[in-house]
Structure formats: C-alpha cells, structure tokens
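Take a look at the structure below.
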C-alpha cells in the first residue's frame, strides 16, 4: 500500500486489510483448547475484539480470511496455493474460520512440500490477514520468476465464474529478455456438441472463447507492477490478485 501511495505501483488497488500475527493467534488456539464450543461462538471476547477493529479498517462486511505464513517466498521455494483462505461476512466470523486457516499448515500437500525443501514444520509460523473481499472477474497468481523458466514471468489465471469446476487456468508468460507477452495455455473451456439422430457431430461450439485480447491492457499493467515488486523486495515474488471490470487488484 505504501508503494501505491509513493506512485511506484500504478493502476493497482490493494484492498484494505489488517493482520492477526502469530502471537495473537495463540489466543485463538488456547480458547478452542479450553472449550471446543468457543470455535463456533460468534460472540466471545476475541471475536468481538477482531470485529470492532475490522469496522475501523475495512470498507464493508464482505471479507476474506487469508493465510499469511512466514516462509512462503523463500529463495528457490514458493508456497503459493499451499495454505487456505476463506470468504465470509464479518457478522458470521468465528474462531473456526480463523482456525481452519491456521490448520492448513498441516495439510499433507503443505507438509510434503516443506519436507521436499528441507523446511522444518516448527519454523513455519502462521498469521492471518482479514481483508476486504473483491468479487473479481478473474483471479491470478503471478510468479515473477517462473518455475518453468527463470527468464520469464508466469501468470496463472482463472475466470472466476468457471473456477468452481477447477479447470486448467490460463498460463501467460512475459519474457524478460524480449518483452514478449504470450498465452502458453488457454483457459480450459466447455465444449457443446450437437448430434444428428445417428450421433454424428453436426456442430461444435466452444463456450467461453479466449478473452486474452480484452485483458491485454490490464495484463501489461500486471507485469509492470509485478516487476516493480520484485525490484523493491529484492527477490522473486509470488503475487495473488484479481481483475474486476478491467481494474487490477493485488491481495
């Protein structure tokens, strides 16, 4: 948000948010350990404290409860997508939602990933971000250093209204050497077939054709801002965000 205020990041919005740091979250775990019923109680000391704070920071009641773990962007290691985030409404918020984000540290895929890279479990300390939820048209993760080619930036992007069926996302690359932006893989789309009475195909229609051209101006802004973040933080970055009506957001 400071980089936006300084004008270093341009044409991008950072939704309002605040952080529940690891030490604060120990209170959440202790409250659940003391009485499991506290997990679903929407009117306890901790939840009321969080809600009161949120009303002074966030712009509306529609929120995301997001993972923010240390060790997500280590050199040679990306934890993007390993931990969980949940949409909610502030009035519905309870310790269970926060605890589910915390416990995603123990998901088998996350544990195996850390084992593969020699990262000890007790070195990973969860924190939680509570943030304005943006109901975007597209969601993406951008890797300023592609796992497939270090000379390229990689964008993996889903059309939000098709993400329920977990299709293959767009894979869009930006070659840092040539400046070329290219679609390596189209977003998976549904196909409609019309048959005759003998089951011969009369017509094939792709539902949801490529929208790459209409997204091109926003994707160029995404690449530019992603490379600024990489420069500012001094190492490759994994950036999650979305696009709504052509407006770029970084979570």
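Numbering (this note's numbering), first residue to last: 159 to 409.
All residues carry an ideal CB built from backbone N, CA and C; glycine is no exception.
Since the structure is predicted, the reported quantities are computational estimates derived from the model, not experimental observations.
Straight-line gap, residue 187 to residue 245 (C-alpha atoms, nearest Å): Going from the Cα of residue 187 to the Cα of residue 245 covers about 21 angstroms.
Residue 220 (DSSP reduced to helix, strand or coil): Residue 220 falls in the strand class under three-state DSSP.
Residue from 212, 209, 284 with nearest C-alpha to residue 240: Minimum Cα distance to residue 240 is reached at 284.
Sufficient close CB pairs (3 or more, under 8 angstroms) joining the stretch 388-399 to the stretch 297-304: Yes: at least three Cβ pairs fall under 8 angstroms.
Cα-Cα separation between residue 352 and residue 315, rounded to whole angstroms: Whole-angstrom Cα-Cα distance: 30 angstroms.
C-alpha gap between residue 288 and residue 214, whole angstroms: Their Cα atoms are separated by approximately 12 angstroms.
Assumed close pair residue 386, residue 339 - CB separation to whole angstroms, cut-off 8 angstroms: With a beta-carbon spacing of about 16 angstroms, residue 386 and residue 339 fall beyond the 8 angstroms limit used to define contacts.
Simplified DSSP assignment, three categories, for residue 291: In this structure, residue 291 counts as coil in the three-state DSSP scheme.
DSSP beta-bridge partners of residue 170: Answer is 406, bridged to residue 170.
Spatial neighbours of residue 334 in its chain, beta-carbon cut-off 6 angstroms, leaving aside the 5 residues before and after: Here the set comprises 309.
Inter-residue Cα distance where the pair is residue 404 and residue 212: Distance between the alpha carbons of residue 404 and residue 212: 28 angstroms.
Closest residue to residue 209 among 252, 172, 377 (Cα-Cα distance): Minimum Cα distance to residue 209 is reached at 252.
Residue 274 classed as buried or exposed, judged by whether at least 16 other C-beta atoms fall within 10 angstroms: Residue 274 is exposed by the Cβ-count criterion.
Pairwise C-alpha distance: residue 159 and residue 203: Cα to Cα, the separation comes out at about 30 angstroms.
Whole-Å CB distance - residue 297 paired with residue 256, under 8 angstroms assumed: Taking the Cβ atoms as the reference, residue 297 lies roughly 22 angstroms from residue 256, outside the contact range of under 8 angstroms.
Whole runs of the beta strand (DSSP E) within the stretch 190-252, excluding any shorter than 3 residues: You should have 220-227, 244-247.
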